[in-house]
Amino acid sequence: MEISVLQKNNLITMLLILVCADLLFSGFEANALPYDYTASIECLETPLKPLHGGGIILNPELNMGLKGWQAFGDAKIEQRELAGNKFVAVHARNRPTDSISQKLYLQQETLYSFSAWIQVSEGNEAVAAVFKSGTGFKHGGAVVAESKCWSMLKGGFTSDATGPAELYFESKNTSIEIWVDSFSLQPFTTEEWASHQDQNIKKVRKAKVRIQAIDKLGNPLSNATITIQQQQNKPGFPIGCAINKNILTNTPYQKWFTSRFTVTTFEDEMKWYSTEVSPGHEDYTSADALLSFAKQHNIAVRGHNVLWDDPKYQPGWLYSLSPAELSNAVHKRIVSVMSRYTGQLIAWDVVNENLHFSFFENKLGDQATPNFYRLAHAVDWSVPLFLNEYNTIEDSRDGAATPAKYLQKLRQIQGLTRNAKMGIGLESHFGTPNLAYMRASLDTLGATGLPIWLTELDVLSGPNQAKYLEQILMEAYSHPKVDGIVIWAAWKPQGCYRMCLTDNNFNNLATGNVVDNLLRQWRSRAVSGLTDTRGFFEATLFHGDYEINITHPSSSAHSFVVVSTNASLQSPLTFQVSV
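Under mature numbering (1 follows the signal peptide of the UniProt record, and there is no 0), the residues of the sequence shown are numbered -26 to -1, 1 to 553, in order.
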């Protein structure tokens, strides 16, 4: 963890020592079954061992022949072996669902983590895992499997009933064989799931700090009083909310917003249809004013969005352009908006919803999106460039935007923009959350090592809206690969997009109370105490910026601010301070 120190009141000496963090939060609680966050996005010659030892799957590595497994539909199955690795091969498939299956028994309100390693006989094809029960079908996840190597499918679901179920696989291309190995299905109770979140928060969102007070000769000062206070609105983990131009003229809205959030996204004001209503007549007045407001209140801004691939959300004049004219207009748009705000934003959503729509690709060719990112990188290389998409973590049934499909598009972009800083933008427009699938998807996407943000988080209106919002926020905040969250609840008098946090008088709704309660929970309370006989005082704190005051009868008081500039790393810190 890199630390900078702002000096006050003639602070004499400040020595920072990094010490090992491994023993701080080792493992989960003794009574909680640990969750394995491992995910692989590489296509391997041999599959890895099944997670959780296979969980409740019988014969997960096919070491007992086909025991526990049977054909599903009209498929034929057989055990095969390559280079000492045993697996099941499914062939003679006539329907997408013709595959292999195993009968299971599920428990109600239990979260199931699922994984398997998949290979296809030729080409590359999407293969999905499905769980059939008396209450319907649960999609456990999907992967784009390849030939000649093994790909990991990781997913999950929550069972809504106790009773028998059956696991099977499906792929639309019936001409291919499906090979499967290293199955795992691990159940977790809701209490165990919550314990993973709690322990991960301690591990990845907090750090142990040790302060030693010494006199000018280097002797420890016992009974020195130390007070540690986290600075207002300066947490280590950014949580924000979208805004729109209504905030510029509404003082209650401003007070409510600025007292809570450290990052924002403009709901519409930076989008192309807002800034260039007619060709050649650009108007950034609203976006400029919102950016000025954000700067005034030390609120970081994500740039949203440069291009939107949905044909419904284009400037009206764009539809009649020829491909050459459209290409010129897009080039001008990218250069215009990004050069205007270079150095003033923390990220760009360069292309929005590219996995579901293809307005630009249909007119400009399959390489349109990689070319957009190449130009975007040339204009602003200082911040991450995000691909922003929905249903990648929200809905396991949406085959267009699975983590595997997202990674496929990401690799296409990176193939043309190798030096660009990329980011993973997950819109997060939820209905009923599938937390097991959400976590598994974040595991898979997190294997890229790229920054991950939930960029437009909201929950469909309903009696459980606030409850679901709390579940999603807890899952996202506790996941070690998530770097920030923006809630999609910009206020308008006529109502928000799908979810508001306040009423029109800026009194919290139930959703707003959820956000406030979690923001308080994820802040360190003021800590004070006396140094021990060796001059030490210890505290465990959430990442963020802190003001620390030290007083001792033999010396004048000293105060300084500790600013964490890399809060994603959590080494315990030892400060030695001369007073």
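Even glycine gets a Cβ: it sits at the ideal position worked out from N, Cα and C.
Burial state of residue i (16 or more Cβ within 10 Å)
{"i": "Phe111", "result": "exposed"}
{"i": "Asn218", "result": "buried"}
{"i": "Pro467", "result": "exposed"}
{"i": "Ala421", "result": "buried"}
{"i": "Ser356", "result": "exposed"}
{"i": "Glu19", "result": "exposed"}
{"i": "Asn491", "result": "exposed"}
{"i": "Glu99", "result": "buried"}
{"i": "Glu83", "result": "exposed"}
{"i": "Asn68", "result": "exposed"}
{"i": "Arg385", "result": "exposed"}
{"i": "Leu191", "result": "exposed"}
{"i": "Leu127", "result": "buried"}
{"i": "Asp340", "result": "exposed"}
{"i": "residue 555", "result": "Residue 555 cannot be examined here, being either before or after the span of the chain that is shown, -26 to 553."}
{"i": "Gln495", "result": "exposed"}
{"i": "Leu56", "result": "exposed"}
Bridge partner(s) assigned by DSSP for residue i
{"i": "Ile31", "result": "Bridge partners of Ile31: none, in fact."}
{"i": "Asn482", "result": "Thr476"}
{"i": "His255", "result": "Ser252"}
{"i": "Cys215", "result": "Ile461"}
{"i": "His271", "result": "Answer is none; His271 lacks a bridge partner."}
{"i": "Ser87", "result": "Gly130 and Gln160"}
{"i": "Lys106", "result": "Phe111 and Glu140"}
{"i": "His65", "result": "Lys50"}
{"i": "Ile202", "result": "Val501 and Ile522"}
{"i": "Val237", "result": "Ala274"}
{"i": "Trp153", "result": "Ala63 and Gln93"}
{"i": "Val101", "result": "Val117"}
{"i": "Val456", "result": "Ile426"}
{"i": "Lys182", "result": "Thr514"}
{"i": "Tyr451", "result": "DSSP, once it has assigned bridges, lists no residue as partnering Tyr451."}
{"i": "Trp282", "result": "Asn326"}
{"i": "Ile221", "result": "Note: Ile221 sits in no beta bridge, so no partner."}
8 Å contact criterion, which residue i and residue j should meet: CB distance rounded
{"i": "Leu409", "j": "Glu449", "result": "5 Å"}
{"i": "Val94", "j": "Glu151", "result": "7 Å"}
{"i": "Ala63", "j": "Trp153", "result": "5 Å"}
{"i": "Ala500", "j": "Gln203", "result": "5 Å"}
{"i": "Ala116", "j": "Thr376", "result": "5 Å"}
{"i": "Gly47", "j": "Leu32", "result": "About 20 Å; that fails the 8 Å criterion."}
{"i": "Lys182", "j": "Thr514", "result": "5 Å"}
{"i": "Leu78", "j": "Glu140", "result": "7 Å"}
{"i": "Leu300", "j": "Lys337", "result": "5 Å"}
{"i": "Glu363", "j": "Leu416", "result": "Not a contact, Cβ separation roughly 14 Å."}
{"i": "Phe211", "j": "Arg234", "result": "Their Cβ separation, rounded to whole angstroms, is 14 Å, which puts Phe211 and Arg234 out of contact at 8 Å."}
Cβ neighbours of residue i in the same chain (closer than 6 Å, five flanking residues each side left out)
{"i": "Gly137", "result": "Gly108"}
{"i": "Tyr258", "result": "Thr249"}
{"i": "Pro253", "result": "Trp291"}
{"i": "Leu400", "result": "Thr366, Ile367 and Leu428"}
{"i": "residue 555", "result": "Only positions -26 to 553 of the chain appear in the structure, and residue 555 is not among them; the question remains open."}
{"i": "Gln160", "result": "His26, Gly29 and Ser87"}
{"i": "Gln186", "result": "Gly509, Phe510 and Gln550"}
{"i": "Ala274", "result": "Val237 and Ile320"}
{"i": "Gly1", "result": "A caution first: Gly1 carries a pLDDT of 38, below 50, which makes its placement in the model unreliable, though a value can still be read off. Excluding residues within five positions, none has a Cβ falling inside 6 Å."}
{"i": "Arg371", "result": "His113"}
{"i": "Val488", "result": "Ala440, Leu443 and Glu444"}
{"i": "Asn207", "result": "Thr236"}
{"i": "Phe331", "result": "Asp283 and Asp284"}
{"i": "Ala374", "result": "Leu329 and His330"}
Residue i beta carbon near the ligand FMN (any heavy atom closer than 7 Å)
{"i": "Tyr380", "result": "Looking at this structure, you won't find the ligand FMN or any other ligand, since it has none at all."}
Neighbourhood of residue i by C-beta distance below 7 Å, restricted to the same chain and skipping five residues each side
{"i": "Ala350", "result": "Val280, Ile308, Met312, Trp322, Val324 and Leu359"}
{"i": "Leu36", "result": "Gln53, Lys60, Phe61, Val62 and Asp155"}
{"i": "Cys470", "result": "Ala463 and Ala464"}
{"i": "Asn197", "result": "Leu504 and Thr505"}
Close Cβ partners of residue i (< 8 Å) along its chain, the five nearest in sequence each way excluded
{"i": "Ala303", "result": "Pro253, Leu292 and Leu295"}
{"i": "Ala4", "result": "Legend: pLDDT at Ala4 = 44, less than 50; position of this residue unreliable, no value from coordinates given."}
{"i": "residue 556", "result": "Because the chain spans -26 through 553 in this model, residue 556 falls outside it and cannot be assessed."}
{"i": "Arg472", "result": "His403, Asp432, Val433, Leu434, Ser435 and Trp462"}
{"i": "Gln388", "result": "Ala394 and Met396"}
{"i": "Ala216", "result": "Thr238, Thr239, Phe240, Glu241, Glu430, Val460, Ile461, Trp462, Ala463 and Ala464"}
- Hey, which unbroken runs of the alpha helix (DSSP H) at 4 residues or more fall wholly within the segment 322 to 395? 333 to 338, 342 to 353 and 377 to 390
- Task: Ignoring anything shorter than 3 residues or poking outside the segment 391 to 438, list the beta strand (DSSP E) runs there in chain order.
- Result: 396 to 400 and 426 to 433
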